[in-house]
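Sequence order for the protein chains is A and B.
The opening residue of the first sequence carries number 99 in our numbering; numbering runs sequentially from there.
The opening residue of the second sequence carries number 622 in our numbering; numbering runs sequentially from there.
Glycine included, each C-beta is placed from N, C-alpha and C at the ideal position.
Beneath this line is the structure, given in structure tokens, with notes to follow.
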Amino acid sequence: MSDAALAIKGLSKSFGGVRAITDVSLAVPEGSLTAVIGPNGAGKTTLFNLVTNLYAADSGAIDFQGRSIRGLSPGAIARLGLIRTFQSARIFPGMTARENALAGAHMHLGVATWKHMLWLNSARREERSLAAKADRLLELVGLAVFRDVAATDLPMGAQKMLEVVRALMAEPRLLLLDEPAAGLNDAETAELAALLRAVRDSGITLIVVEHNMSLVMGVADQVVVLDAGSIVAAGTPRAIQQDKRVIAAYVGSEA
Amino acid sequence: MNLAIQIVIGGLLQGAVFAVIALGFSLVFRVTGVLNLSQGAFCVVGALVMYTIEVSWGWPTPVAAVAASLATAAFGLALGALCFVPAVPRLPTSSMLILTAGLLTLLQGVLLIGWSSQPYALPPFSGEAPVVLWGVRVPTQGFWIAGITVAVVVAMWFVVQRTTLGTALRACAENRVAARLMGIDVPRMTLLSFGMAVLIAAISGIAVAPITSLEFDTGGFFTNFGFIAVAIGGLGSFLGSVAGGLFLGVAEQLAAGYVSSLFANALALALLLMVLLWRPNGLFGGGAVRRTDVRDEQRIYHAIVRVQGRGGLVFAAAAVALVLVLPLLFPSAGILSSLVITGILYISVLGLDVLMGYAGQVSLGQAGFMAIGGYTASILAVTYGVSPLWGTVAGIVLSVAAAWVLSFVTLRLRGHYLALATLAFGLLIDSLTVGMVDTTGGPSGLAGIPAFSVGSIVFASPIAMYYLVVGIIIVLVLALYGAMRSGFGRALIAVRTDQTAAVALGVNVVRYKLAAFLISAALGSLSGSLYAFYFHFLAPEMVATPRSFEMIAMLVAGGEGTLVGSALGVALLTLLPTVFQPFALYKTLAEGLLLVLCFMWLPEGIFGFATVQLARWLRRGAPPATAAEKAMP
């Protein structure tokens, strides 16, 4: 499994008596885009929360690039290059859009704070190059006009895109996106699809939780279907579209 | 043996007040999730109104007691309806805590104006002669206190646990939105809980007034100990509040009786810090647990205040020029002295801004670090002949060390408990500065402190001190501005607004909280040292807990999270009493009022408001992309 960016084996989690995730095993190849789909309450976000250890898993193994990350703190997991976004865009209030993007680069700050306190040139240079990078990304997703606007004043769709930009500023090796298309209109969704492809082609492995089927089928290399906490199907988008169990999970078992 | 019993009885009576205040805390906390720090002041309001009605007007005791309780409750309801209820859904709980601290200050200001600053004691309800039981003398008022406390506790328990009204109150505690959807009038319940808490505080204040001497600012003492009692017992737990209050009262009296009254507070506070460290939910469990995982801080809604690019440079140059010529414009000695004090206090508030305005950590103990810095430098200079510069450095080292030790407690805590731990720290330092008479000079203070000097340069005159302080401030502001616009500042704001998201980006939350705390401690200490060297004298009340609250008022009024904004708040509250002498009497009231008003109508502070308005005004005349918008932040 050395070619898997993320390998999950036998992962389970229950809240009280409710089994949220049951015996989930999943391998995400390096450089691929995996979509996780499933009805509401299937456990998609819980799966992300387990991988990033916001919730502690009851049992199972989580390996990131061949190294077990189960039990590592959320911060330590992030520092390994596993970055996530949240279902409800969790951008930072009290910062502009650009500052939010810059906050994503936190792990890649090389200049010590005391050099910033002394206004040294090296510190200013780093800020300028980070700001230029943030501006390029904001430009790419069409948020350049909002650059100096308070992030919380942005429309919901823009906030979600900003969160993706912020995550990209962290230079992730594996990026977990939780419903990035929620709140986006059709044009924005098409832009998002292009962005996701570009991100994958730049070598970043992606796992995307998504409801928007056309987006998923258009960009995913692999689709994993969760229902009631278990994987009911996994395969290429084409195979999944014809899978009876998937149709049952989505439309009901009569279909 | 009799002595021990005597002490325990005294402790129980003292503890009864703490218990009722703690009960009020618990009630309001359960319904709103807010710790209402104004709670203790209503005890004093009740008692002083009672004094006026009973002693000045000569009404019979029972009538006066009922009238005073109801009048206080009515006043409390009005205040709650105006200032508390509208703020609860709008402000994050940390801001609510400070808002209620403002209410506490406001009430003390009202009492100071209405009843001046002398101590009051009510006559006992049934005569002076104590009852002797098995050789133990118990004041008759003790039976009144015990009876009234039991009645209050039972009545509260009945209302909350056994009536429909109580169910509605508890529903608000559980989930405000759901409660509203179920047709419960949440604002009314909030007001009701506030009013009930005021009523019981007034009743217990009236009951205890004959055996305690009360002044306009005793409310702060009641609040502090009620707060500590509720923390020891467990926030939101009724049983815990009562037990915590009684326990605290007894522990304090025993410490006073057997060790020293001066260290009684210190022992109580050390006890609290230990409880917070090992049982953060209190000794009696949490009681009704409130959800704290909601992203409450999203309610920080103040506008983003950024002065950028060329506009910022012009503004900064103008501000520096103004500060440099200020003493020439106002040659009066009184104003110059106030300007120096403004500068010195601003250094401390600057530290508080890093901690509260950026990292969002409420600290009610900033004056404690001023005390450490002030006393360390002064004692070293007076007793050991250490030069002021090295004394100041030693103070900073000691303050940072103290903050580091305290951080073992505070870093594990959030919100109310953090505020509580810093308050306890401040009070602990207060009692040490008063108690260690041999080293600090005790209540009468430490005199003969030399002027500040560096090598052979002595800053003896106010004007020299002024320019020294201005120089220090310019260096500090430049350094902090450099840090705050870098990843350091962004990490602090991220930690403040969304810890989970910050962690998910690899931010080491603990490290940044600690850094902010150490910076604030260092600046507080520096400010305290300069303060002592400027006055050539240092007394405990100059750097005591009310000073911490005053600095918070200055910070909020000036503008949090802007570094420079708070200077306006400091100047306002320091210069006004000098310029208008009669204002001195109204200073406490003004502080409280300013805090409350700013939180309700000017959350970004004076500076923030002015900046936002100015930016809006500039944008109106300019083309879409102005120079300021293009400039790098």
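Practice prompt. Check whether the Cβ atoms of B:Lys1134 and B:Gln982 sit closer than 8 angstroms, and answer yes or no.
Written response: Against the second sequence, residue 1134 of chain B aligns to sequence position 513. Against the second sequence, residue 982 of chain B aligns to sequence position 361. Contact flag set, yes.
Worksheet item: Buried or exposed: which applies to B:Trp736, given that a residue is buried once 16 or more other Cβ atoms fall within 10 Å of its Cβ?
Response: The sequence position of residue 736 of chain B within the second sequence is 115, counting from 1. Counting Cβ neighbours within 10 Å, B:Trp736 comes out buried, since at least 16 surround it.
Item to complete: Verify whether the separation of the beta carbon atoms of B:Leu1144 and B:Leu971 is less than 8 angstroms.
Response: Position 523 of the second sequence, counted from the first residue, corresponds to residue 1144 of chain B. Position 350 of the second sequence, counted from the first residue, corresponds to residue 971 of chain B. It is a contact, given that the beta carbons lie within the stated cut-off.
Worksheet item: Roughly how many angstroms lie between the CA atoms of A:Arg222 and A:Ala256, to the nearest whole one?
Response: The residue given as residue 222 of chain A occupies position 124 in the first sequence. The residue given as residue 256 of chain A occupies position 158 in the first sequence. Approximately 28 angstroms, taken between the alpha carbons.
Fill in: Beta-carbon proximity list for B:Ala872, same chain, < 8 angstroms, skipping 5 on both sides
Position 251 of the second sequence, counted from the first residue, corresponds to residue 872 of chain B. Here the set comprises Gly632, Leu888, Ala889 and Leu892.
Worksheet entry | the stretch 821-835 of chain B in contact with the stretch 757-765 of chain B per 3-pair CB rule at 8 angstroms | yes
Discussion item. Tell me which residue opens and which closes the beta strand (DSSP E) that A:Ser157 is part of.
Written reply: In the first sequence, residue 157 of chain A corresponds to position 59, counting from 1. A:Ser157 -> beta strand (DSSP E) spans Ser157 to Phe162.
Worksheet item: So B:Gly994 and B:Ser1150 are in contact, right, with Cβ under 8 angstroms, and what is the actual spacing, rounded?
Response: Residue mapping note: residue 994 of chain B aligns to position 373 of the second sequence, counting from 1. Residue mapping note: residue 1150 of chain B aligns to position 529 of the second sequence, counting from 1. That pair is a contact at about 4 angstroms.
Fill in: Sequence-distant residues of the same chain with beta carbon closer than 7 angstroms to B:Val851, five excluded per side
Indexing the second sequence from 1 puts residue 851 of chain B at position 230. Around B:Val851: Ala643, Phe646, Ser647, Ser862 and Gly865.
Worksheet item: Can you tell me the Cα-Cα spacing of A:Ala280 and A:Phe244, whole angstroms?
Response: Residue 280 of chain A sits at position 182 when you count from the first residue of the first sequence. Residue 244 of chain A sits at position 146 when you count from the first residue of the first sequence. So the two alpha carbons sit approximately 20 angstroms from each other.
Worksheet item: Taking 8 angstroms as the CB-CB cut-off, is B:Ala1112 touching chain C?
Response: Of the chains in the structure shown, none is chain C; the protein chains are A and B.
Fill in: Close Cβ partners of A:Gln339 (< 8 angstroms) along its chain, the five nearest in sequence each way excluded
If you number the first sequence from 1, residue 339 of chain A lands on position 241. Apart from the 5 residues on each side of it in sequence, A:Gln339 sits with its Cβ closer than 8 angstroms to the Cβ of Met315 in its chain, given in chain order.
Worksheet item: Shorter than 8 angstroms from the beta carbon of B:Leu856 to some beta carbon of chain A?
Response: On the second sequence, position 235 is the one that residue 856 of chain B refers to. With 8 angstroms as the cut-off, B:Leu856 does not count as an interface residue toward chain A.
Worksheet item: If we ignore side chains and look at the alpha-carbon of each, how far apart do B:Leu1099 and B:Leu934 end up?
Response: Counting from one through the second sequence, the residue named residue 1099 of chain B turns up at place 478. Counting from one through the second sequence, the residue named residue 934 of chain B turns up at place 313. If you take the alpha carbons of B:Leu1099 and B:Leu934, they lie about 12 angstroms apart.
Discussion item. Taking 8 angstroms as the threshold (beta carbon to beta carbon), is B:Phe1109 in contact with chain A?
Written reply: Along the second sequence, one-based indexing puts residue 1109 of chain B at 488. Yes, B:Phe1109 counts as interfacial toward chain A.
Worksheet item: Between which two residues does the beta strand (DSSP E) containing A:Thr250 stretch?
Response: Within the first sequence, residue 250 of chain A is the residue found at index 152, counting from 1. Going by DSSP, A:Thr250 is part of no beta strand (DSSP E) at all; its letter is neither H nor E.
Practice prompt. Compare the C-alpha of A:Arg234 against each of A:His206, A:Arg264, A:Ala155 and A:Asn147 and name the closest.
Written response: Counting from one through the first sequence, the residue named residue 234 of chain A turns up at place 136. The shortest C-alpha separation from A:Arg234 is found at A:Arg264.
Discussion item. Distance check for B:Leu1197 and B:Leu1176, CA to CA, integer angstroms please.
Written reply: Residue numbering aside, residue 1176 of chain B sits at position 555 when the second sequence is read from its first letter. Residue numbering aside, residue 1197 of chain B sits at position 576 when the second sequence is read from its first letter. Cα-Cα distance, rounded: 16 angstroms.
Item to complete: Have a look at the DSSP bridge pairing and note the partners of A:Lys107.
Response: Looking up residue 107 of chain A in the first sequence gives position 9. Per DSSP, A:Ala159.
Worksheet item: Counting only beta-carbon atoms, is B:Ala1188 nearer than 8 angstroms to chain A?
Response: Residue mapping note: residue 1188 of chain B aligns to position 567 of the second sequence, counting from 1. No, because no Cβ of chain A sits closer than 8 angstroms to the Cβ of B:Ala1188.
Worksheet entry | Residue environment, B:Tyr741, which counts as buried when at least 16 other CB atoms sit within 10 Å | Locating residue 741 of chain B in the second sequence gives position 120, counting from the first residue. Classification for B:Tyr741: buried.
Worksheet item: Buried or exposed: B:Val798, going by 16 or more other Cβ atoms within 10 Å of its Cβ?
Response: Here residue 798 of chain B corresponds to residue number 177 of the second sequence, with the count starting at 1. Result: exposed.
Item to complete: Using beta-carbon positions only, say whether B:Thr566 and B:Ser858 come within less than 8 angstroms of one another.
Response: Residue 566 of chain B lies beyond the residue range present for chain B, which begins at 622 and ends at 1254; the question has no answer from this structure.
Worksheet entry | Three CB pairs or more closer than 8 angstroms across the stretch 1162-1169 of chain B and the stretch 973-991 of chain B | yes
Item to complete: Compute the Euclidean distance between the alpha carbons of A:Arg226 and B:Gly1127, then round it to the nearest angstrom.
Response: Taking the first sequence and counting its residues from 1, one reaches residue 226 of chain A at position 128. Taking the second sequence and counting its residues from 1, one reaches residue 1127 of chain B at position 506. Roughly 21 angstroms between the two C-alpha positions.
Worksheet entry | Simplified DSSP assignment, three categories, for B:Thr811 | By 1-based counting over the second sequence, the position of residue 811 of chain B is 190. Three-state result, B:Thr811: helix.
Worksheet item: Since B:Ala1104 meets chain A, which of its residues come closer than 9 angstroms, beta carbon to beta carbon?
Response: Here residue 1104 of chain B corresponds to residue number 483 of the second sequence, with the count starting at 1. The answer, in chain order, is Thr211, Trp212, His214 and Met215.
Practice prompt. Assign A:Ala199 to one of two classes, buried (16 or more other C-beta atoms within 10 Å of its C-beta) or exposed (fewer than that).
Written response: Locating residue 199 of chain A in the first sequence gives position 101, where the first residue counts as 1. Looking at its Cβ environment, which holds 16 or more other Cβ atoms inside 10 Å, A:Ala199 is buried.
Worksheet item: Which chain B residues are close to A:Met254, counting only those with a beta carbon under 9 angstroms from its beta carbon?
Response: What you label residue 254 of chain A is simply residue 156 of the first sequence in a count that begins at 1. None at all; the shortest Cβ gap to chain B is about 14 angstroms.
Practice prompt. Could you tell me if A:Gly301 is buried or exposed, where buried requires 16 or more neighbouring beta carbons within 10 angstroms of its beta carbon?
Written response: For the purposes of this step, residue 301 of chain A is identified with residue 203 of the first sequence, where counting begins at 1. Looking at its Cβ environment, which holds fewer than 16 other Cβ atoms inside 10 Å, A:Gly301 is exposed.
Fill in: Span of the alpha helix (DSSP H) around B:Gly964
As a working mapping, residue 964 of chain B is identified with position 343 in the second sequence. Ala954 to Leu973 is the extent of the alpha helix (DSSP H) around B:Gly964.
Worksheet entry | Residue environment, A:Lys142, which counts as buried when at least 16 other CB atoms sit within 10 Å | Translated into the one-based positions of the first sequence, residue 142 of chain A becomes position 44. Counting Cβ neighbours within 10 Å, A:Lys142 comes out buried, since at least 16 surround it.
Item to complete: Could you check if B:Phe705 is buried or exposed, using at least 16 other CB atoms within 10 Å of its CB as the buried criterion?
Response: As a position in the second sequence, residue 705 of chain B is number 84, starting the count at 1. Buried: at least 16 other Cβ atoms inside 10 Å.
Practice prompt. Give a yes or no on whether the C-beta atoms belonging to B:Gly840 and B:Gly661 are separated by under 8 angstroms.
Written response: As a first step, residue 840 of chain B is located in the second sequence; it is residue number 219 there, counting from the start. As a first step, residue 661 of chain B is located in the second sequence; it is residue number 40 there, counting from the start. Taking 8 angstroms as the Cβ cut-off, B:Gly840 and B:Gly661 qualify as a contacting pair.
Worksheet entry | Exposure of A:Leu109, with buried meaning 16 or more beta-carbon neighbours within 10 Å | Within the first sequence, the letter at position 11 stands for residue 109 of chain A. So A:Leu109 ends up on the buried side.
Worksheet item: Is the stretch 724-736 of chain B touching the stretch 1207-1221 of chain B, taking contact as three or more C-beta pairs under 8 angstroms?
Response: yes
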